[in-house]
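According to the working numbering, the residues represented by the sequence shown are -5 to 538, in order.
So the structure is just underneath, and the comments pick up after that.
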Amino acid sequence: AAIVEHTFEVKNLTIQRLCTQQVVTAVNGDVPGPAISVCEGDTLVVHVINNSPYNITIHWHGIFHLLSGWADGPNMVTQCPIRPGHRYTYRFSIVKQEGTLWWHAHVSVLRATVYGALIIRPRLGFSYPFPTPYKEVPIMLGEWWKANAVDVENEALATGGAPNISDAYTINGRPGDLYNCSTSPIYELDVIPGETYLLRIINAALNNQLFFKVANHRLRVVGIDASYTNPYDTDVVVTGPGQTVDALLTADQSWGSYYMAASPYVSTEGVEFDNSTTRGLLVYHGSTSTSPVMPQMPATNDTPTAYTFYSNITGLVGGPHWVPVPTKIDEHMFVTVNLGLSQCGTNTTCDGPFGARLSASMNNHSFQIPTTLSMLQAFFFNVNGVYTTDFPDNPPIVFDYTNAINSFDTSLLFAPKRTSVKLLKYNSNVQIIMQNTALIGVESHPIHIHGFNFHVLAQGFGNYDPVNGPSKFNFYNPQVRNTIAVPVGGWAVIRFTANNPGVWLVHCHLDVHLPWGLASAFVVQNGPTPSSMLPPPPADLPQC
Ligand code: C2O
-5 AAIVEHTFEV
5 KNLTIQRLCT
15 QQVVTAVNGD
25 VPGPAISVCE
35 GDTLVVHVIN
45 NSPYNITIHW
55 HGIFHLLSGW
65 ADGPNMVTQC
75 PIRPGHRYTY
85 RFSIVKQEGT
95 LWWHAHVSVL
105 RATVYGALII
115 RPRLGFSYPF
125 PTPYKEVPIM
135 LGEWWKANAV
145 DVENEALATG
155 GAPNISDAYT
165 INGRPGDLYN
175 CSTSPIYELD
185 VIPGETYLLR
195 IINAALNNQL
205 FFKVANHRLR
215 VVGIDASYTN
225 PYDTDVVVTG
235 PGQTVDALLT
245 ADQSWGSYYM
255 AASPYVSTEG
265 VEFDNSTTRG
275 LLVYHGSTST
285 SPVMPQMPAT
295 NDTPTAYTFY
305 SNITGLVGGP
315 HWVPVPTKID
325 EHMFVTVNLG
335 LSQCGTNTTC
345 DGPFGARLSA
355 SMNNHSFQIP
365 TTLSMLQAFF
375 FNVNGVYTTD
385 FPDNPPIVFD
395 YTNAINSFDT
405 SLLFAPKRTS
415 VKLLKYNSNV
425 QIIMQNTALI
435 GVESHPIHIH
445 GFNFHVLAQG
455 FGNYDPVNGP
465 SKFNFYNPQV
475 RNTIAVPVGG
485 WAVIRFTANN
495 PGVWLVHCHL
505 DVHLPWGLAS
515 AFVVQNGPTP
525 SSMLPPPPAD
535 LPQC
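This is the structure we're talking about:
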């Protein structure tokens, strides 16, 4: 195992996209930032130097961080931010996970431009559970604003409305040639006929699930969220923000060039979104074709296509790092995932529905990020008053979750603001039924849990049925993820083992839903032996 070292300089710079000069915050001068590549078992050391005007933290999305929670990164959850002019070194080992993950800023909306790939290959002497590809290619899907994304989100938070939609989607930072005035070159992948490529597809967009296709080419999914799957053949891939898909593509079509494209999957009615399409090119080496084939993208509301993809993938039982489903459950949770409202304040109206401010909650607690001390420091040093341990195991009342607000107690809309967590015993097994609600608009929320992978036992539409639901559980080969797109107006059942002491955020990965409060945290207690206890913080941990 090696030590892989990187230096990230975070700095503002001016980038030209869509014919507009835009000041953005970026790592080492580019968007996306550096792609990190390690082998399973390696230790990653990243020195982050903050020369930007903003507070910064970096999160390693999907990394287990076994006993290294001080490096996880969410602002005020595991650390105070790195202030302008300061630095912090993230240091952690990467064990028992392989595949495609990514890193991104975890403060404010900075992940719009502060992000990059994090690729974990098998350690020396081990191989993939599929034929070794000729080449591996990160495909990072993102969003671009002709505005400062931080200003966009701050304006939304100030006015209580939804943030302005983006001006473009991007592939590896480039908008592609369907946008007016797209001066940056289109992303191009040069392929050798007959060879097989591993596309490491990452949804780094802020607010949209995305379809991805390559004209005339089949994709063979072999991994999701850095866990191996049974090979799944498809012509379309779907990802929620935060999720990744590893797919093999063989250059088996006639010599020429073909578009790859990404477009949004948004099943919600009446919600504004960017419904543009970004595209790049797959070019057979030496081909100069002037009319590449364009893939037919699914409609933006094509829930059947999205659901088929999401629900048919299965985990690779017995493959590298496969973990069986926990069977004896210690903690049963039923968690509603809600959009809601908060009061606007006296004598003002806000841009949200009913003149109020948009907000969000889980089990009617709207998560508030602490301001004085990070939750992990409070955990380690036994400081009271930073969080409470009363996050409810169940929603406050049971109702028809698919019905909009007028059919039930509207007080549910106005969830109290709390920094409440669920306390878990070391090594306890947790089952969570996640239920989307329709309080304000029906939506699919991509829920991400920090620090753990989980098995997805079942998912479906409508209200979860406690009587017949369990008969649909897949105990044998469920998919394993770190982010689950809970189906629109539906539910998902997941399980994980709380084998890592520390504080682990759980939240919706639609960017603005986190400051709105669609979050909570698991506080996992220390185990009985030194090797099951969180070590003290590194000396350079930023202070508040
Ligand atoms: Cu990728 Cu808490 O985030």
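Just so it is clear, CB atoms sit at the ideal spot from N, CA and C, and this is done for glycine as well.
Only a predicted model underlies this, so the values are computations on that prediction, with no experimental measurement involved.
Helix, strand or coil at residue i [DSSP, three-state]
i      : result
Thr299 : helix
Trp249 : coil
Phe86  : strand
Ala65  : helix
Tyr128 : coil
Ser336 : strand
Thr164 : strand
Pro524 : helix
Asn44  : strand
Tyr304 : helix
Thr404 : helix
Arg11  : strand
Val200 : First, the residue type needs correcting, since residue 200 is Leu and not Val in the sequence shown. Three-state result, Leu200: coil.
Leu535 : coil
Leu310 : coil
Ala479 : strand
Phe267 : coil
Distance CB(residue i)-CB(residue j) smaller than 8 Å
i      : j      : result
Cys74  : Pro532 : no
Val40  : Tyr84  : yes
His449 : Arg489 : yes
Ala256 : Phe206 : yes
Gln473 : Gly312 : no
Pro389 : Asn358 : yes
His315 : Glu92  : yes
Val21  : Ile9   : no
Ile50  : Ile76  : yes
Leu193 : Ala241 : yes
Thr431 : Val331 : yes
Asp268 : Asn202 : yes
Leu60  : Asn494 : yes
Residue range of the alpha helix (DSSP H) that includes residue i
i      : result
His144 : Before going on, a small fix: residue 144 reads as Val here, not His. That run of the alpha helix (DSSP H) goes Ala143 to Thr153.
Val374 : Just to set this straight, residue 374 is Phe in the shown sequence, not Val. Taken as a continuous stretch (DSSP letters only), the alpha helix (DSSP H) holding Phe374 covers Met369 to Phe374.
Trp97  : Per DSSP, Trp97 belongs to no alpha helix (DSSP H); it is in the beta strand (DSSP E), Gly93 to Ala99.
Leu528 : From DSSP, Leu528 is part of no alpha helix (DSSP H); its letter is neither H nor E.
His507 : His507 to Trp510
Terminal residues of the beta strand (DSSP E) in which residue i lies
i      : result
Phe448 : Phe448 to Phe455
Pro440 : His439 to Ile443
Phe469 : Segment: none, Phe469 is in no beta strand (DSSP E) and carries neither H nor E.
Val21  : Thr14 to Val21
Glu182 : Glu182 to Val185
Thr190 : Thr190 to Asn197
Ser355 : Arg351 to Met356
Phe385 : Unbroken run through Phe385: none, as it is neither H nor E.
Thr272 : Thr272 to Tyr278
Ile427 : Ser422 to Asn430
Ile488 : Gly484 to Ala492
6 Å CB neighbourhood of residue i in its chain, flanking five on each side removed
i      : result
Ser46  : Val4, Lys5, Asn6 and Thr19
Gly511 : Ser353, Ala354, Ser355, Ser360 and Phe361
Thr549 : This structure cannot speak to residue 549, because the chain is shown only from -5 to 538.
Beta-carbon proximity list for residue i, same chain, < 7 Å, skipping 5 on both sides
i      : result
Tyr122 : Pro116
Asp227 : Arg212 and Arg214
Ser305 : Gln453
Tyr458 : Ile427, Gln429 and Trp485
Cross-strand partners of residue i (DSSP beta bridge)
i      : result
Gly217 : Tyr222 and Asp240
Trp54  : Trp97
Lys207 : Ala255
Arg412 : Phe361
His501 : His442 and Ala513
Ile114 : Val32 and Gly93
Asp227 : Arg214
Cβ neighbours of residue i in the same chain (closer than 8 Å, five flanking residues each side left out)
i      : result
Met327 : Asp387, Asn388, Lys416, Val424, Gln425, Ile426 and Ile427
Ile30  : Val(-2), His0, Leu38, Val40, Trp97, Gly110, Ala111, Leu112 and Ile113
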